[in-house]
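K.L.:
Protein chains in written order, with UniProt numbering: chain A, 1 to 433; chain B, 1 to 433.
There are 2 protein chains.
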Amino acid sequence: MKDVSVGICGLGTVGGGTFNVLTRNAKIIAGRAGCNIRIGRVASRTPREDIDMGGIPFSTDIFDVINDPDIDVVVELIGGYEAARELVLAAIKNGKHVVTANKALIAVHGNEIFEAAEKANVIVAYEAGVAGGIPVIKSVREGMAANRIDWIAGIINGTGNYILTEMRAGREFAEVLKEAQDLGYAEADPTFDVEGIDAAHKLTILASAGFGVPLQFERAYTEGISQITPYDIAHAELLGYRIKHLGIARRREDGIELRVHPTLVPRSHLIAQVDGVLNAVLVDGDAVGQTMYYGPGAGDEATASAVIADIVDVARTVSSGSSQRVPYLGFDPSALEDLGVLPMEDIQSAYYLRITAMDHPGVLAKVASILSEHGINIESIMQKESELKDGRIPVIILTHTVQERQVNRAIEELEALTDIDGQVVRIRAENFN
Amino acid sequence: MKDVSVGICGLGTVGGGTFNVLTRNAKIIAGRAGCNIRIGRVASRTPREDIDMGGIPFSTDIFDVINDPDIDVVVELIGGYEAARELVLAAIKNGKHVVTANKALIAVHGNEIFEAAEKANVIVAYEAGVAGGIPVIKSVREGMAANRIDWIAGIINGTGNYILTEMRAGREFAEVLKEAQDLGYAEADPTFDVEGIDAAHKLTILASAGFGVPLQFERAYTEGISQITPYDIAHAELLGYRIKHLGIARRREDGIELRVHPTLVPRSHLIAQVDGVLNAVLVDGDAVGQTMYYGPGAGDEATASAVIADIVDVARTVSSGSSQRVPYLGFDPSALEDLGVLPMEDIQSAYYLRITAMDHPGVLAKVASILSEHGINIESIMQKESELKDGRIPVIILTHTVQERQVNRAIEELEALTDIDGQVVRIRAENFN
Ligand SMILES: NC(=O)c1ccc[n+]([C@@H]2O[C@H](COP(=O)([O-])OP(=O)(O)OC[C@H]3O[C@@H](n4cnc5c(N)ncnc54)[C@H](OP(=O)(O)O)[C@@H]3O)[C@@H](O)[C@H]2O)c1
Ligand SMILES: NC(=O)c1ccc[n+]([C@@H]2O[C@H](COP(=O)([O-])OP(=O)(O)OC[C@H]3O[C@@H](n4cnc5c(N)ncnc54)[C@H](OP(=O)(O)O)[C@@H]3O)[C@@H](O)[C@H]2O)c1
Chain A
1 MKDVSVGICG LGTVGGGTFN VLTRNAKIIA GRAGCNIRIG RVASRTPRED
51 IDMGGIPFST DIFDVINDPD IDVVVELIGG YEAARELVLA AIKNGKHVVT
101 ANKALIAVHG NEIFEAAEKA NVIVAYEAGV AGGIPVIKSV REGMAANRID
151 WIAGIINGTG NYILTEMRAG REFAEVLKEA QDLGYAEADP TFDVEGIDAA
201 HKLTILASAG FGVPLQFERA YTEGISQITP YDIAHAELLG YRIKHLGIAR
251 RREDGIELRV HPTLVPRSHL IAQVDGVLNA VLVDGDAVGQ TMYYGPGAGD
301 EATASAVIAD IVDVARTVSS GSSQRVPYLG FDPSALEDLG VLPMEDIQSA
351 YYLRITAMDH PGVLAKVASI LSEHGINIES IMQKESELKD GRIPVIILTH
401 TVQERQVNRA IEELEALTDI DGQVVRIRAE NFN
Chain B
1 MKDVSVGICG LGTVGGGTFN VLTRNAKIIA GRAGCNIRIG RVASRTPRED
51 IDMGGIPFST DIFDVINDPD IDVVVELIGG YEAARELVLA AIKNGKHVVT
101 ANKALIAVHG NEIFEAAEKA NVIVAYEAGV AGGIPVIKSV REGMAANRID
151 WIAGIINGTG NYILTEMRAG REFAEVLKEA QDLGYAEADP TFDVEGIDAA
201 HKLTILASAG FGVPLQFERA YTEGISQITP YDIAHAELLG YRIKHLGIAR
251 RREDGIELRV HPTLVPRSHL IAQVDGVLNA VLVDGDAVGQ TMYYGPGAGD
301 EATASAVIAD IVDVARTVSS GSSQRVPYLG FDPSALEDLG VLPMEDIQSA
351 YYLRITAMDH PGVLAKVASI LSEHGINIES IMQKESELKD GRIPVIILTH
401 TVQERQVNRA IEELEALTDI DGQVVRIRAE NFN
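1. Return yes when at least one heavy atom of ligand 1 lies under 8 Å from the C-beta of Ile62 (chain A), else no.
2. When you compare the region 4-18 of chain B with the region 72-91 of chain B, are there three or more beta-carbon pairs, one atom per stretch, that lie closer than 8 Å?
3. Counting only Cβ pairs nearer than 8 Å, list the residues of chain A close to Asp313 (chain B).
4. Checking 9 Å against the spacing of the C-beta atoms, do Asp338 (chain B) and Val213 (chain B) come in under that value?
5. Which residues, in order along the region 291-304 of chain A, keep a beta-carbon less than 7 Å from a beta-carbon of chain B?
6. May I have the straight-line CA-CA distance separating Asp50 (chain A) from Phe173 (chain B), to the nearest angstrom?
7. Can you name the start and end residues of the alpha helix (DSSP H) that Tyr162 (chain A) belongs to?
8. In chain order, what residues of the same chain have a beta carbon less than 7 Å from the beta carbon of Asp419 (chain A), not counting five sequence neighbours either side?
9. May I ask you to check if the CB of Ser305 (chain B) is nearer than 8 Å to at least one heavy atom of ligand 2?
10. Can you tell which of B:Val326, B:Ile149 and B:Ala272 has the C-alpha that lies nearest to the C-alpha of Lys241 (chain B)?
11. Keeping to the same chain, check which residues put their C-beta closer than 8 Å to that of Leu278 (chain B); ignore five residues upstream and five downstream.
12. What is the residue span of the alpha helix (DSSP H) that His201 (chain A) lies within?
13. Could you compute how far the alpha carbon of residue 434 (chain A) sits from the alpha carbon of Arg392 (chain A)?
14. Assess contact between the region 249-264 of chain B and the region 112-120 of chain B, defined as three or more Cβ pairs (one per stretch) separated by less than 8 Å. Is contact present?
15. Which residues, taken in chain order from the region 80-114 of chain A, show a beta carbon closer than 8 Å to some beta carbon of chain B?
16. Using a C-beta to C-beta distance shorter than 7 Å, which residues of chain A count as neighbours of Asn157 (chain B)?
17. Tell me the DSSP secondary structure of Pro230 (chain A) in three-state form.
18. Might you give, ordered along the chain, the residues of its own chain that have their beta carbon closer than 7 Å to the beta carbon of Val176 (chain B), omitting 5 neighbours on each side?
19. Using only the alpha-carbon positions, how far apart do Lys202 (chain B) and Val130 (chain B) sit?
20. Please determine, among B:Leu417, B:Leu11 and B:Lys27, the residue with the shortest C-alpha to C-alpha distance to Gly79 (chain B).
21. Is the Cβ of Arg32 (chain B) closer than 9 Å to any Cβ of chain A?
22. Determine, for Arg38 (chain B), whether the minimum Cβ-Cβ distance to residues of chain A falls below 9 Å.
23. Quick check on the burial criterion: 16 or more other C-beta atoms within 10 angstroms. Buried or exposed for Phe432 (chain A)?
24. Ligand 1 and Thr356 (chain B): does the residue's C-beta get closer than 8 Å to at least one heavy atom of that ligand?
25. On the three-state DSSP scale, how would you describe Ser268 (chain B)?
26. Tell me which residues share the same chain as Tyr180 (chain A) and place their Cβ nearer than 7 Å to its Cβ, disregarding the 5 neighbours each side in the sequence.
27. Please name the residue in B:Thr46, B:Val42 and B:Val65 whose C-alpha comes closest to that of Gly55 (chain B).
28. Could you check where the beta strand (DSSP E) with Asn279 (chain A) kicks off and where it finishes?
29. Should Gly15 (chain B) be listed as close to ligand 2, given that the test is whether its C-beta is under 8 Å from any heavy atom?
30. Rounded to whole angstroms, what's the CA-CA distance from Thr317 (chain A) to Pro47 (chain A)? Just pull it up for me.
31. Which of helix, strand or coil does DSSP assign to Ala220 (chain B)?
32. To which residues does DSSP link Ile155 (chain B) through a beta bridge?
33. In whole angstroms, give me the CA-to-CA distance for Lys178 (chain B) and Ala169 (chain B).
34. Give the interface partners of Gly289 (chain A) over in chain B, defined as CB-CB distance under 9 Å, in chain order.
35. Between which residues of its own chain and Phe114 (chain A) is the CB-CB distance below 6 Å, once the five residues before and five after are set aside?
36. What does Phe358 (chain A) pair with, by DSSP beta-bridge criteria?
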């Protein structure tokens with residue numbers, strides 16, 4: 001039984017965790033893989049004093065790893081787009097298998113990378129890129145293989161979920177964000193996390209692996225959580241809902257919905273109970289129904305867990321004498337469908353609307369008739385006399401499922417009314433049925 | 001690309017579901033498997049009028065399937081021990097790969113079956129046997145491959161979970177069981193489900209796949225839910241806990257804990273929120289921490305989803321030119337450890353105790369001193385004057401973690417007190433930390 005030699009590129013959070021777990025659990029991992037998995041070389045910009053490298057060759061040039069003939073599997077943990085793309089394509093050209101935790105890379109350059117890998121007959125694995133330590137790519141590509149997957153919905157950014165969880169206590173977004181930054185949950189520049197870009201990277205990958213369509217990150221819709229207020233969170237709760245920052249992908253005959261935005265979910269649903277920095281992905285298949293995968297979406301060793309699961313997969317496949325076993329996106333390239341991402345106006349959803357109405361007689365009737373003209377049915381409506389202030393009163397409406405285009409038109413008309421003050425707050429809602 | 005030909009043995013609930021999903025989703029499944037998966041033959045005691053067999057050969061003798069040279073994969077869905085064992089061993093002898101949903105078979109005869117399969121170099125897959133449609137065997141054997149798995153805890157019997165969920169409304173066990181039988185959730189003879197035998201089959205398999213130890217069903221401890229009362233459920237809730245029928249496996253230096261029993265779990269933990277017939281398995285690994293897998297644990301197409309995932313796995317492995325890729329129990333047979341199952345008295349747990357005390361002065365002091373002599377620390381204690389009846393009053397105690405032996409000794413002494421009426425109710429509690 002031949003050893004499998006791994007080259008680690010990037011010795012930061014995930015690289016360090018991968019090094020440590022591979023070393024600590026070497027015996028368990030060998031027992032599972034059926035061969036020894038040996039770290040053959042490590043490269044990163046700066047050496048780490050806190051890790052005992054035990055004589056393993058270290059260089060600062062990551063390209064040393066892909067040029068080392070001893071290395072079977074290149075583990076890309078440097079992050080970012082361009083350098084990672086170059087590194088991975090060069091590794092593939094050199095006939096190395098690749099394991100990466102880089103969702104940005106796969107979401108944006110995945111089609112190109114998989115095509116090159118297919119030609120070179122090497123494996124490219126990216127479990128750690130989506131929901132960290134949760135084996136959700138494996139579950140979607142292999143565990144759900146019998147199913148026509150209809151939709152996937154996930155809490156796939158821990159920072160955002162932490163912030164929304166804390167805001168339930170009535171705290172403002174900005175205050176909680178600052179705290180998350182102090183705790184190290186959020187980056188100094190939080191845009192990637194709170195504006196939904198990171199989640200859209202992961203959702204793009206999940207959707208392609210689930211539906212069998214090419215990666216189309218550039219067409220994903222993203223809406224962040226910075227506009228969410230404790231007021232809306234509290235009123236959603238009163239309606240029996242919780243606000244989560246969800247990535248939602250839905251497969252339709254005419255295309256796929258691919259969208260990240262704050263979403264009301266029923267409080268009674270398990271996914272509403274996923275709090276703090278934890279992640280969860282809900283997958284709906286026509287045979288199995290709903291399954292959910294829950295756990296830590298980030299962290300050094302949690303992410304390393306997924307990186308190493310991919311390495312073991314490569315080792316098991318290679319040492320059992322075959323090459324590629326599971327297609328990159330779950331489906332054979334010839335079976336990928338050319339389904340496009342739908343424009344946001346075409347999606348279907350329920351909606352939470354908060355309208356600031358002037359306290360005039362007949363306002364509610366006007367609002368109701370505008371909604372009705374646009375085919376929008378009301379599920380519940382809330383208005384409390386006690387909230388009347390400066391002649392204005394909030395009206396909160398939860399609609400039935402309708403096309404987003406209708407809602408946008410209705411909102412335009414509502415905002416044009418002199419009886420309505422300012423903008424209408426609109427948050428999408430999902431009932432998962 | 002060669003077709004893979006599947007022979008289905010047993011056309012009942014799961015067999016019918018497997019037939020229907022394989023037929024309905026043939027194109028999606030072929031796209032994922034990289035080859036056509038064709039039903040080559042079906043055998044079952046009685047034909048099914050409601051399924052259109054479309055010319056596929058049918059026989060009543062299941063051995064026709066394993067003797068058909070066209071069949072690559074034998075799918076055992078007849079259930080039970082002896083006939084299934086014979087069928088599977090004969091299939092292996094004939095060089096067929098085997099997929100089964102039969103947890104009883106694997107838990108009891110798995111060691112023998114895997115040994116035969118190892119020799120014949122064929123795959124035996126059993127995902128559907130554990131938690132139905134949830135890909136938890138895949139997650140444990142592959143997704144968690146980097147981890148030393150420390151413990152696994154699961155709600156792995158839907159009938160029991162349905163009954164306990166309904167009992168939260170104050171209903172008695174017997175009444176809800178009858179309802180579950182009427183609804184088709186529970187068998188006419190509910191022993192397998194409510195006494196924990198079915199869960200112990202699944203737990204045995206999970207533990208072996210997670211820890212890398214041989215299957216040892218005969219040493220699993222089982223305790224059912226028929227003694228649980230609405231009173232204890234309500235008082236557990238008051239303490240912040242919910243009673244679930246859990247299978248718990250824990251890896252220790254000196255052996256493994258393997259036990260199914262009613263268990264208090266913190267209401268704030270996600271697994272406490274898993275209600276009705278649904279299943280969930282919590283896995284704790286040293287690298288990843290806690291992950292949870294949730295979904296339907298039974299049902300025709302939900303179970304078929306897992307059966308077919310296994311078939312696709314076999315097809316992907318075979319058509320990529322290799323034989324066995326993932327070892328039967330997750331670890332290479334040479335890496336299996338000879339760890340035994342520990343006696344129940346050696347397990348460690350927290351405990352909920354309900355003591356019916358006579359309303360005498362000093363009773364509480366006596367109880368407390370007996371507990372303390374046995375090294376048992378009290379986390380909380382509840383006694384309500386309003387519950388005094390016929391001179392007796394219930395005292396409810398939640399202990400810290402302690403060895404079961406200590407608790408048993410303390411209970412013996414408590415029951416010997418003249419101040420205590422009848423038996424002490426003892427339910428184990430887990431805090432998952
Ligand atoms: N952190 C998580 O919890 C997590 C979870 C899931 C996925 N991921 C993904 O995992 C990847 C790594 O994340 P991370 O958190 O480990 O990042 P990190 O801590 O910043 O580590 C990146 C490492 O790569 C080195 N590096 C970057 N570019 C390099 C280059 N061109 N040449 C040599 N070394 C280079 C960096 O060195 P310097 O420090 O000297 O720049 C650093 O040591 C990213 O794609 C990220 O999205 C992370
Ligand atoms: N049902 C679930 O949701 C579920 C979930 C997970 C796992 N499983 C497992 O899946 C397996 C099948 O369960 P099931 O619910 O599908 O059972 P089922 O509905 O009773 O189906 C079993 C089928 O096999 C046939 N059969 C049994 N012994 C036979 C023999 N010796 N020769 C020919 N035919 C035979 C039966 O025929 P007759 O009806 O004529 O006897 C019946 O059609 C079991 O191991 C079970 O534990 C079931």
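Don't be surprised by glycine CBs; every beta carbon is placed ideally from N, CA and C.
P.N.:
On the basis of the supplied data:
1. yes
2. Taking a contact to require three or more Cβ pairs closer than 8 Å, the region 4-18 of chain B and the region 72-91 of chain B qualify as touching.
3. Residues of chain A passing the Cβ test: Glu142 and Ala145.
4. The answer is yes: Cβ separation under 9 Å.
5. Thr291, Met292, Tyr293, Tyr294, Gly295, Pro296, Glu301, Ala302 and Ala304
6. 57 Å
7. Its alpha helix (DSSP H) spans residues Gly158 to Met167.
8. Ala357, Met358, His360, Val363 and Lys366
9. Not under cutoff, so the answer is no.
10. Correcting the residue type first, residue 241 (chain B) is Tyr in the shown sequence and not Lys. Cα-wise, what sits closest to Tyr241 (chain B) is B:Ala272.
11. Ile155, Gly158, Asn161, Tyr294, Gly295, Pro296 and Gly297
12. Ile197 to Phe211
13. Since the first and last residues shown for chain A are 1 and 433, residue 434 (chain A) lies out of range.
14. They do not touch, by the three-pair rule.
15. none
16. Ordered by position in chain A, no residue passes the 7 Å Cβ test against Asn157 (chain B), which lies about 17 Å from the chain.
17. Helix, per DSSP.
18. Once the five neighbours on either side are set aside, the close Cβ partners of Val176 (chain B) are Ile163, Glu166 and Met167.
19. Rounded to the nearest angstrom, the two C-alpha atoms are 5 Å apart.
20. B:Leu11
21. For Arg32 (chain B), the answer is yes, since a Cβ of chain A falls inside 9 Å of its Cβ.
22. Answer no: the Cβ-Cβ gap between Arg38 (chain B) and chain A never drops below 9 Å.
23. exposed
24. No.
25. Here DSSP, grouped into helix, strand and coil, assigns Ser268 (chain B) to coil.
26. At residue 180 (chain A) the sequence reads Ala, which differs from the Tyr that was named. Answer for Ala180 (chain A): Thr159, Tyr162, Ile163 and Ala186, listed in chain order.
27. B:Val42
28. Leu278 to Gly285
29. yes
30. 32 Å
31. coil
32. B:Ala280
33. 16 Å
34. Gly133, Gly295, Pro296, Gly299, Glu301, Ala302 and Ser305
35. Tyr328
36. Here residue 358 (chain A) turns out to be Met, not Phe, going by the sequence shown. Paired residue(s): A:Arg392.
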